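Asker: In my numbering, the protein residues as written are 4 to 465.
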């Protein structure tokens, strides 16, 4: 796998990473925001009852009302201004105005996050999904970690100031890209069923990893301040290591490895009280598994977006699973701590979550492999399928777009224009238009000539 990405792609991903980090702080660290108004403290339950649903609504509605690239640009540009204005209301002493501002901020940030789907679709070219996913995860979690450290070692005002500055810079980086054209992509099938299964998988994985982390923090064996630094360094290290590992292509069972690490952590949880150092081993295993899971679901979501007719809706739906999973994990961990469950009960509950992951994994793979090819997390299972395809149909060329390559492969497989149109969910006139482009690029005049040229290439190779 080649790790490559254009300058504009990296700018778009880094810009949205600043917006993602803002949302992480806003949703997952409400204490940083609430500490700004100590005279009128807002109840924490208001976040879960009003603000989180408002954010979820924004994630879902963006794909309905703001589908185009022009709409996405408007959402990011206008949304950033609205959020900055809403945050100024925190300086007032009216608690109702503050709550309304935070609810609207949650909704607008949801719209902005979902609009990233169009920019991801624009940024995706062949084989760059992994590096773009890694950049997004490293930048988002790195910024999030720095903001949390500023809140711990300085104060909430310093952390929020830093967050707002980066949020503004990120929004400006995105809007400076302007309006762009999204290239058509061949549709191997409907992404709806795989997306629903992926939603459930992201949800369960997010609950599982968050539950582990929060439960470990509640044991008070690990210093909270030290854990912030160690988590950020280990997590980023895992993502960077994965980039080099996937580039070399010598192993494909990364997802199974993550599940194995979580399962091992579940077993070790019950032994923590007998061996103090085990808590650190479990903590490291969970961070490594979290990094692998995150890179899996984000890279898969990025590729699903490539085949989606509505990128904002697809991306918003996927991020919604992450948000719900993180919040549910936090609430479950708090409930388990308050109920003072014994280690055996905790272990059984965590093991149930692992079993759910394993139950969904085969279904998820089958559905994803129908629309996605060449993913580092899926090839390990689908290797036999790719080897069964005749060599003459595996045509890849830098001259052709993804759709043109798909049409050329189907031509060499003996498909008619009508069959190609039916398989790719496009009209016959669109097929003919792409064929004209293919003929010109290969300097031929007919289907017979291009088939003949590839047959000659096969003969020369043999």
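Glycine residues also receive a C-beta, built at the ideal position from the N, C-alpha and C atoms. The model shown is predicted, which means the values in this text are computed figures rather than measured ones.
Can you give me the Cβ contacts of residue 142 inside the same chain, cut-off strictly under 6 angstroms, excluding the 5 residues immediately before and after it?
Answerer: A distance below 6 angstroms between beta-carbons, with the five flanking residues on each side excluded, links residue 142 to the following residues of its chain, in chain order: 17, 20.
Asker: How close, in whole Å, do the beta carbons of residue 242 and residue 288 come, if the pair is a contact with beta carbons under 8 angstroms?
Answerer: Incorrect: roughly 16 angstroms between the Cβ atoms, too far for contact.
Asker: In this structure, how does DSSP classify residue 197 when only helix, strand and coil are distinguished?
Answerer: helix
Asker: Under three-state DSSP, which class holds residue 431?
Answerer: helix
Asker: Below 8 angstroms, can you find three or more Cβ-Cβ pairs linking the stretch 101-119 to the stretch 54-65?
Answerer: yes
Asker: Identify whether residue 69 lies in helix, strand or coil by the three-state DSSP scheme.
Answerer: coil
Asker: Can you tell which of 108, 410, 425 has its C-alpha closest to the C-alpha of residue 450?
Answerer: Minimum Cα distance to residue 450 is reached at 410.
Asker: Does the separation of the CB atoms of residue 135 and residue 326 fall below 9 angstroms?
Answerer: no
Asker: Using C-beta distances below 7 angstroms, list every residue in its chain close to residue 73, excluding the 5 sequence neighbours before and after it, in chain order.
Answerer: 182
Asker: Among 164, 352, 163, 408, which has the Cα closest to the Cα of residue 218?
Answerer: 352
Asker: Identify the continuous alpha helix (DSSP H) that holds residue 329 and give its terminal residues.
Answerer: 314-342
Asker: Using 8 angstroms for Cβ pairs, my map puts residue 163 next to residue 117. What's the rounded Cβ distance?
Answerer: Rounded, the Cβ-Cβ distance is 24 angstroms, inconsistent with contact.
Asker: How many Å lie between residue 107 and residue 76 at the Cα?
Answerer: 19 angstroms
Asker: Three-state secondary structure (DSSP) at residue 180?
Answerer: The three-state secondary structure of residue 180, taken from DSSP, is coil.
Asker: Please state if the CB of residue 15 and the CB of residue 246 are separated by a distance shorter than 9 angstroms.
Answerer: no
Asker: Locate the alpha helix (DSSP H) running through residue 93, then write down its first and last residues.
Answerer: Note, residue 93: premise wrong, no alpha helix (DSSP H); not H, not E.
Asker: Quick check: the stretch 299-312 against the stretch 118-127, are there 3 or more CB pairs under 8 angstroms?
Answerer: yes
Asker: Where does residue 280 sit, in a helix, a strand or coil, going by DSSP?
Answerer: coil
Asker: Tell whether a beta-carbon distance below 9 angstroms holds between residue 174 and residue 83.
Answerer: Contact flag set, yes.
Asker: Comparing alpha-carbon positions, which option in 420, 429, 360 lies nearest residue 205?
Answerer: 360
Asker: Rounded to whole angstroms, what is the Cα-Cα separation between residue 437 and residue 425?
Answerer: 15 angstroms
Asker: Identify, in the order they occur along the chain, each residue of the same chain with its Cβ nearer than 6 angstroms to the Cβ of residue 397, setting aside the five sequence neighbours on each side.
Answerer: Legend: pLDDT at residue 397 = 40, less than 50; position of this residue unreliable, value from coordinates given subsequently. Counting only Cβ-Cβ distances below 6 angstroms, and skipping sequence neighbours, we find nothing.
Asker: Taking the alpha-carbon of residue 200 as reference, which of 455, 446, 149, 303 has the nearest alpha-carbon?
Answerer: 303
Asker: Residue 348 to residue 33, Cα distance in whole Å?
Answerer: 29 angstroms
Asker: My parser needs the alpha helix (DSSP H) runs of 4 or more residues fully inside the stretch 212-268; what are they?
Answerer: 227-251
Asker: Determine the closest residue to residue 207 out of 230, 355, 225, 67, with distance taken between C-alpha atoms.
Answerer: 355
Asker: Put residue 403 into one of helix, strand or coil per three-state DSSP.
Answerer: coil
Asker: Determine the extent of the alpha helix (DSSP H) in which residue 18 is found, giving its start and end residues.
Answerer: 10-31
Asker: Could you compute how far the alpha carbon of residue 202 sits from the alpha carbon of residue 319?
Answerer: 11 angstroms
Asker: Could you pull the start and end residues of the alpha helix (DSSP H) that residue 446 belongs to?
Answerer: Unbroken run through residue 446: none, as it is neither H nor E.
Asker: Verify the contact flag: residue 86, CB atom, against every heavy atom of the ligand NAD, threshold strictly below 8 angstroms.
Answerer: The ligand NAD is not part of the structure shown, which contains no ligands of any sort.
Asker: Could you have a look at residue 416 and say whether DSSP puts it in helix, strand or coil?
Answerer: coil
Asker: Is it buried or exposed for residue 328, if we count other Cβ within 10 angstroms and need 16 for buried?
Answerer: buried
Asker: I need the straight-line Cα distance from residue 234 to residue 261, nearest angstrom please.
Answerer: Spanning the two alpha carbons is a distance of roughly 16 angstroms.
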